[in-house]
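The listed protein sequences derive, respectively, from chains X and Z.
Last residue of the first sequence: number 325 in the numbering used here, and the count goes up by one each step with no gaps.
Last residue of the second sequence: number 1198 in the numbering used here, and the count goes up by one each step with no gaps.
For each residue, glycine too, the CB sits at the ideal point set by N, CA and C.
The structure appears below as structure tokens.
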Amino acid sequence: MELVCPAGTPSALRTVVDAGADAVYCGFRDETNARNFPGLNFTAQELVQGVAYAHDRGTKVLVAINTFARAGGTELWHRAVAQAVESGADAVILADLGLLGWASRAYPAQRLHLSVQAAASTPSAIRFYAERYGVKRVVLPRVLTVEEIAAIVSAIPCETEVFAFGGLCVMTEGRCLLSSYATGESPNMNGVCSPAAHVDYRQEGTALAARLGGFTIDRYPAGQPAAYPTLCKGTFKVDGKAAHIFEEPTSLNALAILPQLKAAGVSALKIEGRQRGKAYLAAVVRQFRTALDALDAGQAMPASALIALTEGGRETTGSYKKTWR
Amino acid sequence: MVEMTPPSSDVAEVASSIGTGSLPWPVSKVMSALPLAPLQFASNRVLQTALGRRPGLFSRLAEYSGKRFAIDPIDCPFVFLLEPRVEKPTLRVHATLDGVTWDARISAVMLVLLGLLDGTYDGDALFFSRDLLIEGDTAAVLALRNAIEDAELDPALLLGAPQFVTPVLSGNIRRAADVMRRLLGAPASASARGDRFA
């Protein structure tokens, strides 16, 4: 399985390449990708340099242009695809149907991947993208079991990529409205979930209060791990009782089930975290490189040493094993 | 929806919740008796060295370059005020933040802040574990974090060491810092954790 790793900056790209990534994914410094955070991402020139660095070391570069184009503003998305192609990127990762259609016509030789933002989770949906636009790989949503993934793999004409480590997103990706509800901006249209400009942290006595768009979405007592300031990870009162009603702050870690994912026919593993620092990237990529090499050699999976890097200080195999069913 | 609450701030409580890895109190005590001028001189030197080696250091800040960042080592008797504006960035040392205007504040023990500067730590992980506190303009903090992450500010580079000795010197400094962090109970760095499985 190919190890696909995130890079939010040129320095991060070099870090993951050197740590053993088979492929790197990154985006431009604008709303065309779903990690449009302040100070993050690549200029066109930085991408060219990054592609050269990666290719010199046998690593592929995939460019995420995976937000949904704005009516009347599609030129920005077209330009992003053009710049990615000109940089020599090995694939572009798209979600918008119109952009997929445009890219497949404008650059028929360019390899296209379907972003998780497209939320394609059935064989028929994936076949449509593959047959209509020539999509070569689909990134599957983080809501499927290993058995469901195996069933999909056997019924589609393209590769599959699944998330292996990092932040979880339990909503229908590409269609989640929670961030828009609180801030007016979303990962789907603006490239950012819970934009930092709408986030505010306050000490309230010994507790840390996280506010998003004016709403207090959680309050962490002293010593309790904190989480990303997203509504889906917030604590809400239902019938007078406060709880994580959507999702608990926990990171995905599929390290232990890599053999099952390989047996299911998965082609690539995605590490989440373009917004994370090089310390996280180096540690996670090294761990998964070691694990994949062990898998190829028929050895047991190494124990995970990544708990300190997880959200909320906890990790899960998420939907891959739906033990709550 | 959880109720709205009025903002408040309590530095003493903050310090008690994020003080893991604090310098020993005698060290802080001695530092509090020293004048700030030598530290101000050293800070100027480090900033100028960093800008000399990384001219684009703050370019990622874009619209946030005019912000004032209070960088608060909570186990030390001083605070840094960074103004990374395009024209003449400054790094000033203050005894306290009283009377100082800031847009964003980043608080942690000194060893953690230094580890963030050279990429030893992942900022999100420190935030999750409550070893790092940010207040004020969150977007500006994010932009600064990403700018520093991309700049590859090796310890030896910040000290102005010649480039040919930078890898060896930085490696030695990092190892020494890891030992100090272990002795003082600071959060383990990702690299230290990684060594166990690399």
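query                                                                                                                                                                                  : result
What did DSSP end up calling Leu1081(Z) once you bin it into helix, strand or coil?                                                                                                    : strand
What are the uninterrupted segments assigned as beta strand (DSSP E) that are 3 or more residues long and contained completely in the stretch 36–112 of chain X, given in chain order? : 60–65, 91–94
Once DSSP output is grouped into helix, strand and coil, what is the label at Leu177(X)?                                                                                               : coil
Whose C-alpha, out of Gly205(X), Ala294(X), Ser179(X), is nearest the C-alpha of Cys193(X)?                                                                                            : Ser179(X)
Along the stretch 298–309 of chain X, what residues have a CB closer than 7 Å to any CB found in chain Z?                                                                              : Pro302, Ala305, Ala308, Leu309
Across the stretch 239–257 of chain X and the stretch 164–182 of chain X, are there enough close Cβ pairs to call them in contact, namely three or more that are closer than 8 Å?      : yes
Taking 7 Å as the cut-off, is the C-beta of Ile1148(Z) nearer than that to any heavy atom in the ligand ADP?                                                                           : With respect to small molecules bound, the structure shown includes none, and the ligand ADP cannot be examined in it.
Taking 8 Å as the cut-off, decide whether the C-beta atoms of Cys158(X) and Arg132(X) are in contact.                                                                                  : no
For Gly1066(Z), would you say it is in contact with chain X, using Cβ-to-Cβ distances shorter than 8 Å as the test?                                                                    : no
Taking only the alpha-carbon atoms, compute the straight-line gap between Trp1039(Z) and Thr43(X) and give it to the nearest angstrom.                                                 : Per the sequence shown, residue 1039(Z) should be read as Leu rather than Trp. Roughly 37 Å between the two C-alpha positions.
Residues in its own chain within less than 7 Å of Thr1090(Z) by CB, not counting five upstream and five downstream?                                                                    : Glu1083
By a C-beta neighbour count over all protein chains shown, 10 Å radius and 16 as the cutoff for buried, is Leu1183(Z) buried or exposed?                                               : exposed
Report the neighbours of Thr9(X) on chain Z: residues whose CB is nearer than 7 Å to its CB, in chain order.                                                                           : Asn1146, Glu1149, Asp1150
At a Cβ threshold of 8 Å, is Glu311(X) touching chain Z?                                                                                                                               : yes
Going by the CB atoms, is the gap between Glu1149(Z) and Thr230(X) shorter than 8 Å?                                                                                                   : no
Examine chain Z for any beta-carbon lying closer than 8 Å to the beta-carbon of Gly20(X), and answer yes or no.                                                                        : no
For Lys1088(Z), count the other beta carbons within 10 Å of its own beta carbon; 16 or more makes it buried, fewer makes it exposed. Which is it?                                      : exposed
Do three or more CB pairs link the stretch 1151–1159 of chain Z to the stretch 1062–1069 of chain Z at distances below 8 Å?                                                            : no
What residues are listed by DSSP as bridge partners for Leu1133(Z)?                                                                                                                    : Ser1107(Z)
I'd like the list of long-range same chain contacts for Glu247(X), defined as Cβ closer than 8 Å, with 5 residues on each side in sequence excluded.                                   : Leu168, Val170, Cys232, Lys233
Return the CA-CA distance between Phe1128(Z) and Arg105(X), expressed in angstroms with no decimal places.                                                                             : 45 Å
Which term fits Asn1172(Z), buried or exposed, when burial requires 16 or more other beta carbons within 10 angstroms of its beta carbon?                                              : exposed
Which residues, in order along the stretch 1111–1130 of chain Z, keep a beta-carbon less than 7 Å from a beta-carbon of chain X?                                                       : Gly1119, Thr1120, Tyr1121, Asp1122, Gly1123, Asp1124, Ala1125, Phe1127, Phe1128, Ser1129, Arg1130
Please list the partners that Ala89(X) has in chain A, where partner means a Cβ-to-Cβ separation under 7 Å.                                                                            : Absence of chain A from the displayed structure is noted, the protein chains being X and Z.
Of the residues Gln83(X), Val116(X), Gln110(X), which one's Cα is nearest the Cα of Asn66(X)?                                                                                          : Val116(X)
Which bits of chain Z does Arg142(X) rub up against, with CB to CB less than 9 Å?                                                                                                      : Per Cβ cutoff of 9 Å: no residues; Arg142(X) is ~19 Å from chain Z at best.
Taking the alpha carbon of Arg62(X) as the point to measure from, which residue in Ala303(X), Ile152(X), Arg274(X) has its own alpha carbon closest?                                   : The sequence given here places Leu at residue 62(X); Arg does not occur at that position. Among Ala303(X), Ile152(X), Arg274(X), the Cα nearest to that of Leu62(X) is on Arg274(X).
For a contact meaning CB atoms closer than 9 Å, what does Glu1135(Z) contact in chain X?                                                                                               : Asp200, Tyr201, Arg202, Gln203
Using beta-carbon positions only, say whether Val1112(Z) and Leu1126(Z) come within less than 8 Å of one another.                                                                      : yes
For Ala1050(Z) and chain X, any beta-carbon pair shorter than 8 Å?                                                                                                                     : no
If we call anything under 8 Å between Cβ atoms a contact, is Phe28(X) one with Ala80(X)?                                                                                               : yes
Flag Lys241(X) as yes if its beta-carbon sits less than 8 Å from any beta-carbon of chain Z, otherwise no.                                                                             : no
Cα separation between Ala1042(Z) and Val1079(Z)?                                                                                                                                       : 14 Å
Chain X beta carbons: is any one of them nearer than 8 Å to that of Arg1060(Z)?                                                                                                        : yes
Under a Cβ-count criterion, where at least 16 other Cβ atoms within 10 Å of its own Cβ denotes burial, should Thr160(X) be classed as buried or exposed?                               : buried
Under a three-way DSSP split, which group does Phe128(X) fall into?                                                                                                                    : helix
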